[in-house]
Amino acid sequence: MVVVFLLLLLMPSSRSATSISVVDRNVVVGEMGEMLQLRKRRRRRRGHVSLLTCVVGFLFLCQVSRLAAAAVLHRHQRISGSAGDVLEDNPVGRLKVFVYELPSKYNKDWLEKDPRCLTHMFAAEEFVHDFLLTSPVRTHNPKEADWFYTPVYTTCDLMPNGLPLPFKSPRIMRSAISYISTHWPYWNRTEGADHFFVVPHDFGACFHYQEEKAIERGVLPLLKHATLVQTFGQNHHVCLKEGSIVVPPYAPPEKMQSRFIPLSTPRSIFVYFRGLFYDVGNDPEGGYYARGARAAVWENFKDNPLFDISTQHPSTYYEDMQRAIFCLCPLGWAPWSPRLVEGVIFGCIPVIIADDIVLPFADAIPWEKIGVFVAEKDVPNLDKILSSISPEQVLEKQRLLANPAMKQAMLFSQPALPGDAFHQILNGLARKLPHDPHIYLEPGQMVLNWTEGPVGDLKPW
Ligand SMILES: *[C@@H]1O[C@H](CO)[C@@H](O)[C@H](O)[C@H]1NC(C)=O
Ligand SMILES: *[C@@H]1O[C@H](CO)[C@@H](O)[C@H](O)[C@H]1NC(C)=O
């Protein structure tokens, strides 16, 4: 093996331009040292690994790093075609939003009780509210509004462990809708068709974290006409109704940005993942959690030196992602997770393992080009799939990921910035205008069944 490394080290790179060769060489050297150490550590731990995998992997890795080093010195790439236009759209002036004023028991009281909902992955709920209050798209005149927004924080009722209790959410939501429909005339005019709601829970407005239960419940019947802004996205799934806007989960922008390491840092980790492989507490028999995909990652690759995977969340998690080429984004209980956002922010190519997933702002972000999609059933071949991606393709993806517009779109920035996730939501709403005239009902006409759904949900809140 050492001979191979030395050869590689001495070999002039045929692809890299002369202007980058010095940096390039240093990167490769630095990386080799790291990789050798890593390998030694692993070998001590485990004894042996497939020699072929090593050789192929290292050759590939060296090539990628050589090219990746070149990439950072070049400019990032703009998204071509309509996706780029959508990404850079400015929604201001294209829609007006009326923000209902609700009693604080629907929003601020929760926050006061447990401010952790400002930092968890469902926090888009609170930040969208704050953003709209001062946004130039806000109108105080409901008569000229294109969209109505109801600020209700259904994921801010937290258990002691910080996870949201979704059980009361349907009642809270029903109560809020009841409130707006009796205090203003606008809900009844369309029964919600020009209203949007932010529902960032695991399965959106199905309000349950277990998929079976979520499917059984379906989208809260009162929200059937409304537009849902949600993190959950999966095709052919009852919890994603047509016309919903799929958004990224909340990941703390400042915290992530404060952890950037120099762009010239070599990406010496081939595949990186930190998280659960099994959820024994909630899925004792296995196979239900992540539909078995995470278990398959662990069982197939725990001993593979190209895979830096573990359940241990290190304090260098964000830095490690910046040292990795591929970051696994497998489904968990739901198909989405903040890893997707972290991958984009840290330039680590997201490897999306979640069949039928619908990704955030898919009309603006060219996920097919920046990510790698692996079918859940193909997890056992993950090593072969990833090593067969050419260095040129890797570079292309890294260049696109380096586009600041892409990163901006993934973040709920504080304060808001042009093109950020707030603006992409507004873009999504603007593109749904003008409303179809058929949404306006005759006075007294009703389309929703107000008593539909589980009896428990009808209890007043
Ligand atoms: C809207 O409709 C509901 C149900 O029919 C009714 O109770 C409510 O008073 C109506 N709201 C307004 C403002 O007329
Ligand atoms: C409304 O839903 C309830 C509960 O599912 C059902 O019993 C009732 O018949 C429905 N009403 C109409 C008018 O469809």
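Its first residue numbered 1, the sequence shown is counted upward by one per residue in full-length UniProt numbering.
All C-beta atoms in this analysis are idealised placements derived from N, C-alpha and C, irrespective of residue type, glycine included.
It should be emphasised that the depicted structure is a prediction, and the values quoted were computed from it without experimental measurement.
Are the stretch 435-443 and the stretch 182-192 touching, with three or more C-beta to C-beta distances below 8 angstroms? yes
Near ligand 1: threonine 150 beta-carbon under 8 angstroms from a heavy atom: no
Please state the DSSP three-state secondary structure of residue 462. The requested residue 462 is not part of the displayed model; the chain covers only 1 to 461.
Verify the contact flag: glutamate 144, CB atom, against every heavy atom of ligand 2, threshold strictly below 8 angstroms. no
Following a CB-centred definition, is histidine 183 positioned closer than 8 angstroms to any heavy atom of ligand 1? yes
From glutamine 312 to glutamate 126, what distance separates their C-alpha atoms? 30 angstroms
Just to check, is the beta-carbon of asparagine 449 closer than 8 angstroms to a non-hydrogen atom of ligand 1? no
Just list the alpha helix (DSSP H) runs in the stretch 367-409, keeping only unbroken ones of 4 residues or longer that don't cross its boundaries, in chain order. 367-370, 382-387 and 391-401
Okay, do the stretch 352-362 and the stretch 322-332 touch, 3+ Cβ pairs below 8 angstroms being the bar? The answer is yes - the stretch 322-332 touches the stretch 352-362, with three or more Cβ pairs under 8 angstroms.
Please indicate yes or no: does the CB of glutamate 452 lie closer than 8 angstroms to some heavy atom of ligand 2? yes
With contact counted as at least three CB pairs below 8 angstroms, one residue from each stretch, are the stretch 165-176 and the stretch 296-312 in contact? As far as the Cβ criterion goes, the stretch 165-176 does not touch the stretch 296-312, which means the pair count is below three.
Grouping DSSP H, G and I as helix and E and B as strand, with all else coil, what is tyrosine 179? It is helical.
8 angstroms CB neighbourhood of proline 454 in its chain, flanking five on each side removed: Pro170 and Arg217
Could you tell me whether the stretch 115-126 touches the stretch 243-253, using the rule of 3 or more Cβ pairs below 8 angstroms? yes
Are the beta-carbon atoms belonging to tyrosine 106 and proline 151 less than 9 angstroms from one another? yes
Would you list, in sequence order, the uninterrupted beta strand (DSSP E) runs of no fewer than 3 residues that lie entirely inside the stretch 273-356? 307-310, 324-330 and 349-353
Count the other CB atoms within 10 Å of the CB of methionine 1; is the residue buried (16 or more) or exposed (fewer)? Note that methionine 1 scores a pLDDT of 36, beneath 50, so its modelled location is shaky; the value from the coordinates is reported in the next line. Counting Cβ neighbours within 10 Å, methionine 1 comes out exposed, since fewer than 16 surround it.
For tyrosine 149, the three-state DSSP class (helix, strand or coil): strand
Would you decide whether phenylalanine 273 is buried or exposed? Buried here means 16 or more other CB atoms lie within 10 Å of its CB. buried
Relative to the C-alpha of valine 92, which candidate in Ser104, Leu132, Leu382 and Pro115 has its C-alpha closest? Leu132
Start and end of the beta strand (DSSP E) containing glutamine 230? 227-230
Reduced DSSP secondary structure (H/G/I, E/B, other) of valine 455: helix
Less than 8 angstroms separating the Cβ of tryptophan 187 from some heavy atom of ligand 1? yes
Can you list, in chain order, the residues of its chain whose CB lies under 7 angstroms from that of valine 137, leaving out five sequence neighbours each side? Pro91, Val92, Leu95, Lys96, Val97 and Leu426
Under a Cβ-count criterion, where at least 16 other Cβ atoms within 10 Å of its own Cβ denotes burial, should serine 390 be classed as buried or exposed? exposed
Are the stretch 226-244 and the stretch 197-212 touching, with three or more C-beta to C-beta distances below 8 angstroms? Because the criterion of three Cβ pairs below 8 angstroms is met, the stretch 226-244 and the stretch 197-212 touch.
Roughly how many angstroms separate the alpha carbons of glycine 456 and lysine 168, rounded to a whole number? 9 angstroms
Quick check: does the Cβ of methionine 446 come within less than 8 angstroms of any heavy atom belonging to ligand 1? yes
From the DSSP output, in three-state form, read off leucine 163 for me. coil
Boundaries of the alpha helix (DSSP H) in which histidine 195 is found, first to last residue: No alpha helix (DSSP H) contains histidine 195, which is instead part of the beta strand (DSSP E) from 195-198.
Work out the CA separation of histidine 236 and cysteine 327 for me, nearest whole Å. 26 angstroms
For methionine 321, count neighbouring C-beta atoms within 10 Å of its own C-beta (all shown protein chains included) and say buried if the count is 16 or more, exposed if not. In the assembly as shown, methionine 321 is a buried residue. Its beta-carbon has 16 or more other beta-carbons within 10 Å.
Is lysine 397 buried or exposed, if buried means 16 or more other CB atoms sit within 10 Å of its CB? buried
Cβ pair valine 246, leucine 359 closer than 9 angstroms: yes
In terms of alpha-carbon separation, which member of Ser178, Ser258, Val99 and Tyr153 lies closest to proline 460? Ser178
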